[in-house]
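Quick note: the sequence shown uses numbering that gives the first Met the number 0, first residue 0, plus one each step.
From the three backbone atoms N, C-alpha and C, an ideal C-beta is built for every residue, glycine too.
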Amino acid sequence: MKKLIRKGILTLLLVVLLLGGCGGIKTLTAYYKSNIGQLKTEDIIIERAPYIRYTEDKNISLSEGGVKLINEFAIMALFAKVSYRKDLNEKERKKACTTKLDFGMPTGIDGKGWSRLSSDGYETPVCYNKKGLFFETYIYRSLTQGKVEKAVIAIRGTENTWTQWLLDWSANIGNALGFEPSEYKVAKQMIPALINKIYDKNQGVKIYITGHSLGGGLAQQTAYLVKDTVLEATYVFDSSPVTNWTNIVLDNDVKNDDPIIKRISHRGEVLGGIRGFSTKFNVKRFGRSDYEFFFQNGTSAVGNHEMGILACHMAVRMDFSKTEHYYPKSFVEIMLKQKGICKPRKDEAEDFVDIPETVLAKFQSK
0 MKKLIRKGIL
10 TLLLVVLLLG
20 GCGGIKTLTA
30 YYKSNIGQLK
40 TEDIIIERAP
50 YIRYTEDKNI
60 SLSEGGVKLI
70 NEFAIMALFA
80 KVSYRKDLNE
90 KERKKACTTK
100 LDFGMPTGID
110 GKGWSRLSSD
120 GYETPVCYNK
130 KGLFFETYIY
140 RSLTQGKVEK
150 AVIAIRGTEN
160 TWTQWLLDWS
170 ANIGNALGFE
180 PSEYKVAKQM
190 IPALINKIYD
200 KNQGVKIYIT
210 GHSLGGGLAQ
220 QTAYLVKDTV
230 LEATYVFDSS
240 PVTNWTNIVL
250 DNDVKNDDPI
260 IKRISHRGEV
270 LGGIRGFSTK
280 FNVKRFGRSD
290 YEFFFQNGTS
300 AVGNHEMGIL
310 ACHMAVRMDF
320 SKTEHYYPKS
330 FVEIMLKQKG
340 ICKPRKDEAE
350 DFVDIPETVL
360 AKFQSK
């Protein structure tokens, strides 16, 4: 009987490896090569809660714990959405690095707030829009000419269309078979270098990364490539399960074995099930935590994947007296009406955000 059980387990492992092809073998090799794969029995490990789920019905008030999380996540959700540059039409987006640079930047009349980082003094691009990769860099100053206190690099993800899904999933399948996707190669060369440059040029700056979908996968890859003394945390939304971790371990590129990564998702979005499955068959992470919210029923699994759902619903539910990052109510009032964040362009009607009137009324009364 024991032999049959043992044989069954070995057969199951073989099937998993065959399904993953060379990718599965490479992942196992990377696991044993990494520091995580070499933990000793005397090491003490305190594992974070594997999943924190918050579900809200239209008639249920947001819990205090939920508000605290939203106060932390909201600005990162905004920037993950802003990086899509939906304020521009498809043709204009090719020049997104130089066009309408005040879009999506929370600022006050006193000059305090967020802005796009100027390329002056940076050899590495602070905004990049080639080879399937787009990222922007946003900085926070407490005064107009004050020092840079915070920086966020936002990486654009998959456009919310079936055509783009097919293109991106060809890369995902290639990664599962052990090949390194082209976007990940380019990001590996550029983004860590930019982060280190920002850190060196701005004493005491706190640096974060954010991204949605494919951008979330690229953000997680970057987190492994930068020292924990340089990068504060990584926030990813409805993230791709592909992080290219196996390849960067085997290439000896890892600078942080277990970075702080917070994965936030909306219930019912298309990558949720795949991400959950891949997590079970992947290396255990102790710096990574998961959070699920449910704000609205979208039109489909792809519709639920729309980044505006998380960005806009979080924005109206913040406690503006306790936000972790500068994000004034006056800006939220603008973004609720602005096309490209909470309102879709006429030529991109798939973007769908539905905030209940009761929630909007409560927001207006704050």
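Under the three-state DSSP convention, the category E135 falls into = DSSP places E135 in the strand class (E or B) of the three-state scheme.
Quick one: Cα of A360 to Cα of H211, how far?
-> 29 Å
Beta-carbon separation (whole angstroms), H265 vs D237, contact threshold 8 Å = Right, their Cβ atoms sit about 6 Å apart.
Heavy atom of the ligand FAD less than 7 Å from the Cβ of A192, yes or no?
-> Absence of the ligand FAD from the depicted structure is noted, as is the absence of any ligand whatsoever, leaving it without description.
Around the C-beta of K261, are 16 or more other C-beta atoms found within 10 angstroms, so that it is buried, or is it exposed?
-> buried
Is L116 closer than 8 Å to K99 when the C-beta atoms are compared?
-> no
Thinking C-beta only, is L270 closer than 8 Å to F292?
-> F292 is not a Cβ neighbour of L270, given a cutoff of 8 Å.
Among the residues of its own chain, which have a CB less than 8 Å from the CB of E182, if the five just before and after it don't count?
-> K130, G131, L132, A170, L213, L217
Between which two residues does the alpha helix (DSSP H) carrying T357 extend?
-> 356 to 363
Closest Cα partner of Q295 within the set E122, C311, F285, G286 = C311
Nearest neighbour of L193, chosen from K184, S320, V225, T209 [CA to CA] = V225
If you draw a straight line from the C-alpha of A73 to the C-alpha of S239, how long is it?
-> In a straight line, the C-alpha of A73 is about 20 Å away from that of S239.
Since V151 sits in a beta bridge, which residues does DSSP pair it with?
-> Y137, Y207
Environment of E41 [buried if 16+ CB atoms lie within 10 Å] = Its pLDDT being 44, under 50, E41 is placed unreliably by the model, and the measurement read from it follows with that caveat. The residue is exposed, with fewer than 16 neighbouring Cβ atoms inside 10 Å.
Cα separation between H408 and I259?
-> Residue coverage of the chain in this structure runs from 0 to 365, which leaves residue 408 outside it and unanswerable.
What span of residues does the beta strand (DSSP E) with Y127 cover, start to end?
-> 127 to 129
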